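Heads up, the thing below is written out as structure tokens.
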Amino acid sequence: MNYKHTQIGYLILIVFVVVALLFGSILTQTGFNLPVIIFMIFILFILASFGSLQVIIDGNYLRIKFGYGIFRKKFSLNDVMSAKTVKNHWYYGWGIRGWLWPKMWIYNVSGFDAVEIKMKNGKTYRIGTDEPKKLEQIILQSIK
Numbered sequence: 001m002n003y004k005h006t007q008i009g010y011l012i013l014i015v016f017v018v019v020a021l022l023f024g025s026i027l028t029q030t031g032f033n034l035p036v037i038i039f040m041i042f043i044l045f046i047l048a049s050f051g052s053l054q055v056i057i058d059g060n061y062l063r064i065k066f067g068y069g070i071f072r073k074k075f076s077l078n079d080v081m082s083a084k085t086v087k088n089h090w091y092y093g094w095g096i097r098g099w100l101w102p103k104m105w106i107y108n109v110s111g112f113d114a115v116e117i118k119m120k121n122g123k124t125y126r127i128g129t130d131e132p133k134k135l136e137q138i139i140l141q142s143i144k
């Protein structure tokens, strides 16, 4: 079963625009200093990389990719034991997060809906999505 969906992180994109305008204002007032410009570009580059989250399921893998692909992860469907729809707490945050209790990795860009996958090796991951029931069904169909 194939699946491909991209969720846009609108808040991250708004933050990107605000930070870019702030950086532009700072540069026009303080002058153009090359190390400062490089640092600002780096910050904007990182922010832009979390503007969307794409989830792809093909015959063998569940793949996730943030933005233009610097941050990505793939899971073998053979290693997935279960999948269920969950709600993340607000304090779990957005982006890529390691959480200690419960022990899991979280990948999301917006909202609180996610699909929690448990792996055969005991690891737990949460993948944020704006269509959690559909993603859960596709994963469950793919691992049978």
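Okay, so the sequence shown: first residue is 1 according to the working numbering, each after it adds one.
Ideal Cβ positions, reconstructed from N, Cα and C, are used throughout, including at glycine.
Being a predicted model, the structure only gives us computed values, none of them experimental.
Where do the N-terminal and C-terminal ends of the alpha helix (DSSP H) with VAL28 fall, by residue? Here residue 28 refers to the residue found at position 28 of the sequence shown. The residue you asked about is not Val; residue 28 is Thr in the sequence shown. It spans 10-30 - the alpha helix (DSSP H) in which THR28 sits, taken as one unbroken run.
Measure the CB-CB distance between ILE143 and VAL55 and report whether it falls below 8 angstroms. Counting from one through the sequence shown, the residue named residue 143 turns up at place 143. Counting from one through the sequence shown, the residue named residue 55 turns up at place 55. Not a contact, by the Cβ cut-off of 8 angstroms.
Report back the beta-carbon spacing between TYR92 and TRP99 to the nearest angstrom; my notes put them in contact at under 8 angstroms. Your numbering for residue 92 matches position 92 in the sequence shown. Your numbering for residue 99 matches position 99 in the sequence shown. Rounded, the Cβ-Cβ distance is 7 angstroms, consistent with contact.
Around the C-beta of GLN29, are 16 or more other C-beta atoms found within 10 angstroms, so that it is buried, or is it exposed? Translated into the one-based positions of the sequence shown, residue 29 becomes position 29. Under this definition GLN29 is an exposed residue.
Assuming ILE70 is part of the alpha helix (DSSP H), what are its boundary residues? Here residue 70 is taken as the residue at index 70 of the sequence shown, counted from 1. No alpha helix (DSSP H) contains ILE70, which DSSP labels as neither H nor E.
So for ASP113, helix, strand or coil by DSSP? Here residue 113 corresponds to residue number 113 of the sequence shown, with the count starting at 1. Note: ASP113 maps to strand in three-state DSSP.
Pick from THR124, PRO35, VAL115, ARG126: whose alpha carbon is nearest that of GLN137? Position 137 of the sequence shown, counted from the first residue, corresponds to residue 137. Ranking THR124, PRO35, VAL115, ARG126 by Cα distance to GLN137 puts VAL115 first.
To the nearest angstrom, report how far apart LYS120 and LYS73 are at their CA atoms. The residue given as residue 120 occupies position 120 in the sequence shown. The residue given as residue 73 occupies position 73 in the sequence shown. So the alpha carbons of these two residues sit roughly 17 angstroms apart.
Pairwise C-alpha distance: SER82 and LYS133: Translated into the one-based positions of the sequence shown, residue 133 becomes position 133. Translated into the one-based positions of the sequence shown, residue 82 becomes position 82. Straight-line Cα distance between these residues: approximately 14 angstroms.
Given that a residue counts as buried once 16 or more other Cβ atoms are within 10 Å of its Cβ, and exposed if not, what is SER25? Taking the sequence shown and counting its residues from 1, one reaches residue 25 at position 25. Label assigned to SER25: exposed.
Can you give me the start and stop residues for the beta strand (DSSP E) that LEU53 sits inside? Indexing the sequence shown from 1 puts residue 53 at position 53. Segment 52-57, the beta strand (DSSP E) holding LEU53.
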